[in-house]
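Novice: One structure, as structure tokens, below. Some questions next.
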């Protein structure tokens, strides 16, 4: 590809792994890892009056709400005493409600809305005073605020924060200006936060922009902060490689392009000539849709060429047919038919020159050919050229609570088979492109996507591309959504999900993805249509955030000179905004190479005096601190970075203070020695920080962060080599898993009941609130509401348990709501009673739930969270639940309690069947799996089947023959009915619905006919003979409740821990 120099991950001198879009960001060595721009803006706003220049959308409001919450301690007090109020000012009435809703949604503050000056003009001082007492945040128009200031109803000294929405209006003659004049005259002016998005709307001259910002700063007595939202990327991260490509003129020797263009232009001229026809009652003229269709078709022709124009004509014909079918007005219908005929003519003309089924590159524009050349550059290496891909395969594994190694043996089989097909993600070693192509029009995106897919079929070099498109069509923030819009919205959400998961590697998008949409860091961004304003340029360029990335702008020959002038303007604007960026650092201040002489300024931190001993120098200290912060435990959404504040001392020297993230054990800020410049001050603080981290054991004896990654070092690895060659795990994945001490709620710690000491008894209430719908009841089984039976479980403890909210668990019968209610308190139990309860508690978890594993010893009385779980029932003829000691004694006497009863039946003493014994029973086959018997619920009793009935498999004639042949068992009762049974559940994690996978995604369902046929067949059922089974002493209704216990107790622990944290926070916050 002559003349085009692109840097791709595959061609990078750093190796093919460096710069993968999903790879962790590189560790900075010379500057501290930059933090998120929202954090920097918030800190700036806390320190001084600030103007926040952010894009349209929720970004500005989010910063304002964050600042309000940070200062909320000032407005929570009583207004009559020391309490002040926060005021949000907007320019127009419609802006009041959305802003107030945002504050209400993201805080617990009381918010008042005042939108109309006419409504409040007659209010008295007392009425306003009542509002100020009852509300902490006031959202109002600037006219209302000016009115209450002039009347003296509210003084500026009682306002802690004044937020100006659309603050750029203060430059003109506007109420904002008058409000600021009153602030200037007042000695106790509130903190000011200005919000603006339109400072960069449209094209603007750099000198005018600078002048506008300076004027706004002066009026609002604030400093403008752009942070990194409008300045591309984090300040310090690598910029993409920018290329403007001249694609050359389109030469069509066949004359097809000119012919199609002429047809479309003639049709558009005709429609424009008759455009003065009056519109009917629907306000839509008869030429509106035809004109839009033809304009879109012409745009596709000029941008992409005849091949794509043919494709879009076919799509438009199908869409027009829907309009024609439903159009009632005769004139409108004629214009639609005219347009339909023209599009069919376009298709016919194209068919004369090329086959629509094949992509012919002679009939596409030079821009398209240039794009395909660029995509050729990203052709990946073959998979086998790389090392193990284990790290990649582990990247999506999350940690879920699980108490079992297996799912339900039978019921979840169907689900698991279908789920497997959804786990085939492309490996980065066969798919290293992550790109976006920006286009102007919706149809251009749709057809270009189709063209790229066709090119991939014909050209093996492009077969690696998996593309899709997103256009924002039908998505309107303030539009009422109809069903069709909802479907369109869900489709586009799915497109974005696949792109985020790297299931697709190329997205063709309109400006909808330029800003406000969360997508991965791309290594290729192509502007197919040139950006027409700075905002469009900077937002699309900002998507190229991978360590090695290209930002390519494709231009026609006749536009390239004009665009180069625009590009110079954009660069000048970017420079101005960089200077306004929070804590801005000029590129000249950031050293590319460490200064060797710096090592003489402060001695390095050396572990041992001998040569080659691990050391941290003043030049490597910042890198060590950043690396340490990157290894701190975090999830994929957390951005851990150190915070450094530098101040100038009276002596002219500089001193830096370093603050580590909140989850570092080094909580105390580290202040370095005074140094002659800010750069050295930061490095000196980092060096001192490394020394302290090593002394508290956070850096090991090789001065590397202690964590799972460094554990193997002592045994087998050279850590420095490992550091350079291994690919770091994604935070929150199995590669970065770390162990934490499990939090135990204080109310459950050491709370095991003792003989003759006061106890508390709690009932675990269970109610089926949402039964499983028919389409998810695969076996058409009966549902079992737990509230239908009185016997249940309770918790016995020596300490009271705080009240917690109800919560759901998801059983085979559906959503069950759990409550923990106090039954009785301050009663005592004898030593023998407690021993019986302890044995039963151990029996539930060891034998019923089988949670006791090899090498794990189960000692309930010595556990950190020590309490008893025991059965309750209505006893002694009372109407109240109490401890069921009789039931516990019956369990202890039962032969089937832990093993298989050795009951023998003979022809003299045959087995007799009693239906009542099996209606709420758990049964155990007595002829197999003696070490760990299978347990089954009795689902149904087949009175029409006997052991002499036909066996489902052709290998055996009857059930009796099957048992005689396979197990050598003779049945004494050949007239007994047979039992249809279900496995007792081995799935103990019931925190998510059964029809969703662990990531909350709905699992696919087979058709109702298939499921019905499958489960009506005897071959798919477990049929057992009652004579060969023992009845377990625990009834099925209580067993089903026992299966819920692990989920209930896990959720109980979490809610109690959260409640303790809430109470502690409230207490410490006063």
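Numbering (full-length UniProt numbering), first residue to last: 1 to 1070. Note that the Cβ used here is the ideal one computed from N, Cα and C, for glycine as well. Predicted, not measured: the structure shown is a model, and the values here were computed from it.
1) Okay, do the region 925-941 and the region 870-883 touch, 3+ Cβ pairs below 8 Å being the bar?
2) Tell me whether residue 888 sits in a helix, a strand or coil according to DSSP, three-state version.
3) If you pair each beta-carbon of the region 445-453 with each one of the region 484-501, do three or more pairs fall below 8 Å?
4) Just verifying my parser: in three-state terms, what is the DSSP assignment at residue 167?
5) With 16 other CB atoms within 10 Å as the buried threshold, where does residue 921 fall?
6) In or out: residue 303 buried (at least 16 other Cβ within 10 Å) or exposed?
7) Under 8 Å, do residue 605 and residue 693 count as touching if we go by C-beta distance?
8) With a 10 Å radius around its C-beta and 16 neighbouring C-beta atoms as the bar for buried, classify residue 967 as buried or exposed.
9) With DSSP as the reference, identify every bridge partner of residue 141, one or two as the case may be.
10) Three Cβ pairs or more, each shorter than 8 Å: is that satisfied between the region 748-763 and the region 954-962?
11) Tell me whether residue 754 sits in a helix, a strand or coil according to DSSP, three-state version.
12) Assign residue 173 to buried or exposed, taking buried as 16 or more other Cβ atoms, counted over all protein chains shown, within 10 Å of its Cβ.
13) Check whether the region 304-312 touches the region 320-329, taking contact to mean three or more Cβ pairs, one atom from each stretch, closer than 8 Å.
14) Can you check whether the C-beta of residue 615 is within less than 8 Å of a C-beta belonging to chain D?
15) Can you name, in chain order, every residue of its own chain whose Cβ lies under 8 Å from the Cβ of residue 805, other than the five neighbours on each side?
16) In three-state terms, what does DSSP make of residue 826?
17) Just checking, does the region 935-955 make contact with the region 981-996 on the three C-beta pairs under 8 Å criterion?
18) Can you tell which of 462, 440, 445 and 439 has its C-alpha closest to the C-alpha of residue 432?
19) For the region 324-344 against the region 236-250, are there 3 or more C-beta pairs whose distance is under 8 Å?
20) Roughly how many angstroms lie between the CA atoms of residue 663 and residue 127, to the nearest whole one?
21) Based on the DSSP secondary-structure assignment, which residues constitute the bridge partners of residue 762?
22) Taking buried to mean at least 16 other C-beta atoms within 10 Å of its own C-beta, is residue 429 buried or exposed?
23) To the nearest angstrom, report how far apart residue 810 and residue 784 are at their CA atoms.
24) Under a Cβ-count criterion, where at least 16 other Cβ atoms within 10 Å of its own Cβ denotes burial, should residue 294 be classed as buried or exposed?
25) Which complete alpha helix (DSSP H) runs does the UniProt domain "Dicer dsRNA-binding fold" (621-713) hold, if anything under 4 residues is left out?
26) Rounded to whole angstroms, what's the CA-CA distance from residue 379 to residue 623? Just pull it up for me.
27) With DSSP as the reference, label residue 347 as helix, strand or coil.
28) Does DSSP put residue 62 in a helix, in a strand, or in coil?
29) Are the Cβ atoms of residue 678 and residue 657 separated by less than 8 Å?
30) Quick check on DSSP: helix, strand or coil for residue 492?
31) Quick check on residue 196: does DSSP put it in helix, strand or coil?
32) Report the residue from 841, 614, 858 and 780 whose alpha carbon sits nearest the alpha carbon of residue 700.
33) For the pair the region 567-575 and the region 253-263, tell me if three or more CB-CB distances fall below 8 Å.
34) Would you report the Cα separation of residue 233 and residue 368, rounded to the nearest angstrom?
35) In terms of DSSP beta bridges, what is residue 815 paired with?
36) In chain order, what residues of the same chain lie with their CB nearer than 7 Å to the CB of residue 815, ignoring the 5 residues before and after it?
Specialist: According to the structure data:
1) no
2) In the chain shown, counting from the first residue as 1, residue 888 sits at position 888. In the displayed model, residue 888 falls within a helix according to three-state DSSP.
3) no
4) Counting from 1 along the chain shown, the entry for residue 167 is found at position 167. The answer is helix: DSSP assigns residue 167 an H, G or I state.
5) Along the chain shown, one-based indexing puts residue 921 at 921. So residue 921 ends up on the buried side.
6) Within the chain shown, residue 303 is the residue found at index 303, counting from 1. Burial call: buried.
7) Within the chain shown, residue 605 is the residue found at index 605, counting from 1. Within the chain shown, residue 693 is the residue found at index 693, counting from 1. It is not a contact, given that the beta carbons lie outside the stated cut-off.
8) Indexing the chain shown from 1 puts residue 967 at position 967. Per the 10 Å Cβ criterion, exposed.
9) Residue mapping note: residue 141 aligns to position 141 of the chain shown, counting from 1. The partner list for residue 141 (beta bridge, DSSP) reads 90.
10) Taking 8 Å as the limit for Cβ pairs, the verdict is that the region 954-962 does not touch the region 748-763.
11) As a first step, residue 754 must be located in the chain shown, where it is residue number 754. DSSP places residue 754 in the coil class of the three-state scheme, outside both helix and strand.
12) Within the chain shown, the letter at position 173 stands for residue 173. With fewer than 16 Cβ atoms within 10 Å of its Cβ, residue 173 is classed as exposed.
13) No: the two stretches stay apart, fewer than three of their Cβ pairs being nearer than 8 Å.
14) Protein chain content of the structure displayed is limited to a single chain, and chain D is not contained in it.
15) Translated into positions along the chain shown, residue 805 becomes position 805. Hits under 8 Å: 1055.
16) Counted from its first residue, the chain shown places residue 826 at position 826. Residue state for residue 826 is assigned as strand, using DSSP reduced to three classes.
17) yes
18) Sequence index remark: in the chain shown, residue 432 carries index 432 (1-based). Closest option to residue 432, Cα to Cα, is 462.
19) no
20) Numbered from its first residue, the chain shown carries residue 663 at position 663. Numbered from its first residue, the chain shown carries residue 127 at position 127. Rounded to whole angstroms, residue 663 to residue 127 spans 48 Å at the Cα level.
21) Residue mapping note: residue 762 aligns to position 762 of the chain shown, counting from 1. 795 and 822, per the DSSP bridge assignment.
22) Taking the first residue of the chain shown as 1, we reach residue 429 at position 429. For residue 429, the pLDDT reaches just 38, beneath the cut-off of 50, and the residue's location in the model is therefore unreliable, leaving the point undetermined.
23) Taking the first residue of the chain shown as 1, we reach residue 810 at position 810. Taking the first residue of the chain shown as 1, we reach residue 784 at position 784. Answer to the nearest angstrom: the Cα atoms are 13 Å apart.
24) Locating residue 294 in the chain shown gives position 294, where the first residue counts as 1. Residue 294 should be labelled buried.
25) If one requires a minimum length of 4 residues, the alpha helix (DSSP H) runs lying completely within the UniProt domain "Dicer dsRNA-binding fold" (621-713) are 621-630 and 678-695, in chain order.
26) For the purposes of this step, residue 379 is taken as the residue at position 379 of the chain shown. For the purposes of this step, residue 623 is taken as the residue at position 623 of the chain shown. Between residue 379 and residue 623, the C-alpha separation is close to 34 Å.
27) Taking the first residue of the chain shown as 1, we reach residue 347 at position 347. Three-state DSSP puts residue 347 in a helix.
28) Locating residue 62 in the chain shown gives position 62, counting from the first residue. Three-state DSSP puts residue 62 in a helix.
29) Reading the chain shown from its first residue, position 678 is the one you call residue 678. Reading the chain shown from its first residue, position 657 is the one you call residue 657. The answer is no: Cβ separation not under 8 Å.
30) Looking up residue 492 in the chain shown gives position 492. Helix.
31) What you label residue 196 is simply residue 196 of the chain shown in a count that begins at 1. DSSP places residue 196 in strand when its eight states are reduced to three.
32) Residue 700 sits at position 700 when you count from the first residue of the chain shown. It is 614.
33) no
34) Within the chain shown, residue 233 is the residue found at index 233, counting from 1. Within the chain shown, residue 368 is the residue found at index 368, counting from 1. Here residue 233 scores only 42 on pLDDT, less than 50, and its place in the model should not be relied on; the value that follows carries that caveat. Each residue's alpha carbon lies about 28 Å from the other.
35) For the purposes of this step, residue 815 is taken as the residue at position 815 of the chain shown. For residue 815, DSSP records a beta bridge to 770 and 810.
36) Locating residue 815 in the chain shown gives position 815, where the first residue counts as 1. If we look at residue 815 and ignore the five residues flanking it on each side, its Cβ neighbours are 769, 770 and 808.
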